[in-house]
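Taken in sequence, the protein lines are chains S and P. The first sequence begins at 1 in UniProt numbering and counts up by one. The second sequence begins at 1 in UniProt numbering and counts up by one.
Protein chains: 2
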Amino acid sequence: MSRYNLAAMPSELESAMESLIKVFHRYASKDGKSGTLSRRELRELMENELSTFLKSQKDPAAVDKIMKNLDTNGDGQVDFEEFVSLVVGLSIACEQCYQMHMKKMGKQ
Amino acid sequence: MSRYNLAAMPSELESAMESLIKVFHRYASKDGKSGTLSRRELRELMENELSTFLKSQKDPAAVDKIMKNLDTNGDGQVDFEEFVSLVVGLSIACEQCYQMHMKKMGKQ
Numbered sequence: 001m002s003r004y005n006l007a008a009m010p011s012e013l014e015s016a017m018e019s020l021i022k023v024f025h026r027y028a029s030k031d032g033k034s035g036t037l038s039r040r041e042l043r044e045l046m047e048n049e050l051s052t053f054l055k056s057q058k059d060p061a062a063v064d065k066i067m068k069n070l071d072t073n074g075d076g077q078v079d080f081e082e083f084v085s086l087v088v089g090l091s092i093a094c095e096q097c098y099q100m101h102m103k104k105m106g107k108q
Numbered sequence: 001m002s003r004y005n006l007a008a009m010p011s012e013l014e015s016a017m018e019s020l021i022k023v024f025h026r027y028a029s030k031d032g033k034s035g036t037l038s039r040r041e042l043r044e045l046m047e048n049e050l051s052t053f054l055k056s057q058k059d060p061a062a063v064d065k066i067m068k069n070l071d072t073n074g075d076g077q078v079d080f081e082e083f084v085s086l087v088v089g090l091s092i093a094c095e096q097c098y099q100m101h102m103k104k105m106g107k108q
């Protein structure tokens, strides 16, 4: 494979960033304002894309509470920057589990 | 496909989060402290995984400056939280380009 082809193919990290943007817009474009997630769109995104996390939340009002936390400017809509802060929080929590898991594996 | 299989398959968003963690640890484990990126590991990660972005940086000291900005606690190492803030910044910049692109497409 030539250098040109390698450069044209997105890396794993670039693909991950592209996924964040694509998933956000897939749900944000469903109704009303297309550049932001309404409460309903956020719920749908979380039910479909973060079902593992959502199932671990025993509180039925979890999505509403998350919406309230994410919507820092209080306009009832979650924009991309606000959405990314949710993904970051979850990734950091996952990474801490991963580190603990690796430490445990190392001790065995 | 049964509900069970659907639940077991990670969503696009979950795969993206997994990629962030995997890519970070692939480079962080190369030398020295395995849970963090040294300057050399960060440079290698950016050259391989963010080559498109890095090529757009005309400043040869770009990686050093990014390292300085990311390393908020000043220990010469970039941990996962610091790394994620780089990915977030780039994703937000990409998303703004995406929004502008979509607006342009809509006007045509």
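Glycine residues also receive a C-beta, built at the ideal position from the N, C-alpha and C atoms.
Close-in-space but distant-in-sequence residues of the same chain around K30 (chain S) (CB under 6 angstroms, 5 per side omitted): E41
Below-8 angstroms beta-carbon distance, S19 (chain P) vs any chain S residue: yes
Members of the UniProt domain "EF-hand" (58-93) of chain S near chain P, C-beta cut-off 7 angstroms: F80, E81, V84, V87, V88, L90, S91 and I92
Expected contact under 8 angstroms - CB spacing of V78 (chain S) and D71 (chain S) to nearest Å: 6 angstroms
Listed by chain order, chain A residues near G35 (chain P) by CB distance under 8 angstroms: The structure shown contains no chain A; its protein chains are S and P.
Three-state class that DSSP yields for L37 (chain P) in the structure shown: strand
Residue environment, I93 (chain P), which counts as buried when at least 16 other CB atoms sit within 10 Å: One point to set straight first is that residue 93 (chain P) is Ala, not Ile, in the sequence displayed. Result: exposed.
Proximity winner among P:V87, P:E14 and P:M17, relative to L45 (chain P) (alpha-carbon distances): P:V87
Cβ pair count under 8 angstroms reaching 3, the stretch 12-26 of chain S against the stretch 16-27 of chain P: yes
Environment of M9 (chain S) [buried if 16+ CB atoms lie within 10 Å]: exposed
Residue of S:A61, S:Y98 and S:S34 minimising C-alpha distance to residue 114 (chain P): Only positions 1 to 108 of chain P appear in the structure, and residue 114 (chain P) is not among them; the question remains open.
Residues that DSSP places opposite V78 (chain S) in a beta bridge: S:L37
F53 (chain P) beta carbon near the ligand ZN (any heavy atom closer than 7 angstroms): In the structure on display, the ligand ZN does not appear, and there are no ligands present to speak of.
Close Cβ partners of C97 (chain P) (< 8 angstroms) along its chain, the five nearest in sequence each way excluded: none
Chain-ordered neighbours of L50 (chain S) on chain P, where CB pairs are closer than 8 angstroms: S11, L13 and E14
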